[in-house]
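Notes to accompany the following structure.
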Amino acid sequence: MINIETLLSSSIAENYYDFENKYLVMVDVFRASSVICAGLYNQANKIIPVKNVDEAFELKVKSKSETLLCGERKSIKVDGFDLGNSPLEYKQEVVKNKDIILTTSNGTRIFSLGKDAYKRVIGCFANLDFVLKDISSYISELKSNKNKINLLFLCAGTNGNYSQEDGLFIAKLISSIKTKHKEVELCDSSELILNNYLNNQDNIKEYISNSFHAKYMKSLNLYDDIEICLSENIYSILPIIIKNEIVADK
0 MINIETLLSS
10 SIAENYYDFE
20 NKYLVMVDVF
30 RASSVICAGL
40 YNQANKIIPV
50 KNVDEAFELK
60 VKSKSETLLC
70 GERKSIKVDG
80 FDLGNSPLEY
90 KQEVVKNKDI
100 ILTTSNGTRI
110 FSLGKDAYKR
120 VIGCFANLDF
130 VLKDISSYIS
140 ELKSNKNKIN
150 LLFLCAGTNG
160 NYSQEDGLFI
170 AKLISSIKTK
180 HKEVELCDSS
190 ELILNNYLNN
200 QDNIKEYISN
210 SFHAKYMKSL
220 NLYDDIEICL
230 SENIYSILPI
240 IIKNEIVADK
């Protein structure tokens with residue numbers, strides 16, 4: 000049996016405790032997950048997520064390597080930072096062979112969680128197939144050993160609330176898993192987002208583009224960011240969290 004659980008926001012996730020031995024996928028489609036994929040795909044050494052701006056500045060001062068200070072608050076680049084939170088900023092000529100310190104309003108709140116999980120993966124539409132491939136390998140390995148299979152999906156959400164883009168990306172993962180495997184058990188929140196996805200899968204991009212967070216991004220003229228964050232498989236990378244750092248899985 001494949002057990003699939005979904006936590007719909009960072010506020011729920013921060014009060015959750017049972018991460019042990021679960022395969023954990025962390026999702027912030029708009030935009031931290033997409034930025035992380037872009038940075039590592041363009042050969043940044045690693046990404047160090049921190050929760051607040053002061054901590055980011057302190058870590059920059061202590062850093063001995065060539066480091067970029069990156070992130071946003073309310074979707075706007077923080078004063079004094081090198082880069083904001085747009086995947087389009089993380090070009091190879093900017094980030095190659097550099098460490099990135101990243102703090103965002105929503106995504107980096109969750110990346111410190113789940114330290115006792117089996118594996119911590121960061122996913123979004125931009126690396127969809129790489130996440131699915133790794134989940135498939137995990138399921139096959141545990142099935143062959145007749146071990147219990149527990150998948151846990153974690154939405155960053157927006158300001159502690161649920162965000163459509165995170166839930167519908169996760170629902171797409173769930174839909175693919177259910178297509179390949181018969182014995183799948185969903186929690187109520189997983190069932191909820193899956194039904195929403197199935198009802199809107201024919202126009203999913205347009206549907207998400209009208210979500211609360213997307214409308215806010217449009218008010219800031221971040222149309223290109225919305226487009227790239229909803230584009231599938233543009234970054235052939237699987238970011239994983241090891242201790243307190245995000246690196247590309249080898």
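For what it's worth, numbering that gives the first Met the number 0 labels the leading residue of the sequence shown as 0, then goes sequentially. Ideal Cβ placement from N, Cα and C applies to all residues, glycine included.
In this structure, does DSSP put residue i in helix, strand or coil?
i: MET25; result: strand
i: LEU221; result: coil
i: ASN126; result: helix
i: ARG119; result: strand
i: ILE233; result: coil
i: GLU19; result: coil
i: THR107; result: helix
i: ASP98; result: strand
i: LEU254; result: Since the first and last residues shown for the chain are 0 and 249, residue 254 lies out of range.
i: GLU13; result: coil
Could you pull out every residue in the same chain whose Cβ sits closer than 6 Å to the Cβ of residue i, ignoring the five residues on either side in sequence?
i: LYS204; result: LEU229
i: TYR40; result: TYR234, ILE236
i: TYR22; result: TYR117, LYS118, TYR137, LEU150
i: ASP98; result: ASN44, LYS45, SER64, THR66
i: LYS249; result: none
i: ASN144; result: none
i: ASP133; result: LEU237
i: LEU219; result: SER74
Taking residue i as the reference, which of the options has the closest Cα?
i: PHE152; options: GLN163, GLU244, VAL120; result: VAL120
i: SER189; options: GLN200, VAL49, GLU244, LEU167; result: LEU167
i: SER111; options: LYS214, PHE18, LYS142; result: PHE18
i: HIS212; options: SER104, GLN91, GLY83, LEU58; result: SER104
i: LYS242; options: ILE207, GLU231, LYS249, PRO48; result: PRO48
i: LEU68; options: LYS76, LYS90, ILE100; result: ILE100
i: VAL52; options: PHE80, ASN198, LYS132; result: PHE80
i: ARG72; options: THR107, GLU184, VAL246, ILE239; result: THR107
i: LEU127; options: VAL246, GLU184, VAL24, ILE3; result: VAL24
Are the CB atoms of residue j and residue i within a distance shorter than 8 Å?
i: ALA155; j: TYR196; result: no
i: GLU164; j: SER210; result: yes
i: VAL28; j: PHE124; result: yes
i: VAL34; j: ASN84; result: yes
i: LEU193; j: SER174; result: yes
i: ALA55; j: THR5; result: no
i: SER62; j: TYR215; result: no
i: TYR89; j: ALA37; result: yes
i: GLU231; j: ILE3; result: no
Leaving out the 5 sequence neighbours to the left and right, which residues in its chain are closer than 8 Å to residue i when beta-carbon positions are compared?
i: GLY159; result: SER8, SER9, SER10
i: LYS142; result: ILE148
i: GLU182; result: MET0, ILE1
i: GLN42; result: GLN91, VAL94, LYS95, ASN96
i: GLU13; result: ARG108, ILE109, LEU112
Examine chain D for any beta-carbon lying closer than 8 Å to the beta-carbon of residue i, and answer yes or no.
i: SER139; result: In the displayed structure, chain D is absent; only one protein chain is listed.
By Cβ distance below 7 Å, which residues in the same chain neighbour residue i in space, the five residues on each side in sequence not counted?
i: ILE207; result: GLN163, GLU164, LEU167, ALA213, LEU229
| Runs of alpha helix (DSSP H) lying entirely within the stretch 147–208, each at least 4 residues, in chain order | The stretch 147–208 contains, as complete alpha helix (DSSP H) runs of 4+ residues, the segments 163–179, 187–199, 203–208 (chain order).
| Runs of alpha helix (DSSP H) wholly within the stretch 38–95 (minimum 4 residues, chain order) | Those alpha helix (DSSP H) runs which fall completely within the stretch 38–95 and span 4+ residues are 52–61, 91–94.
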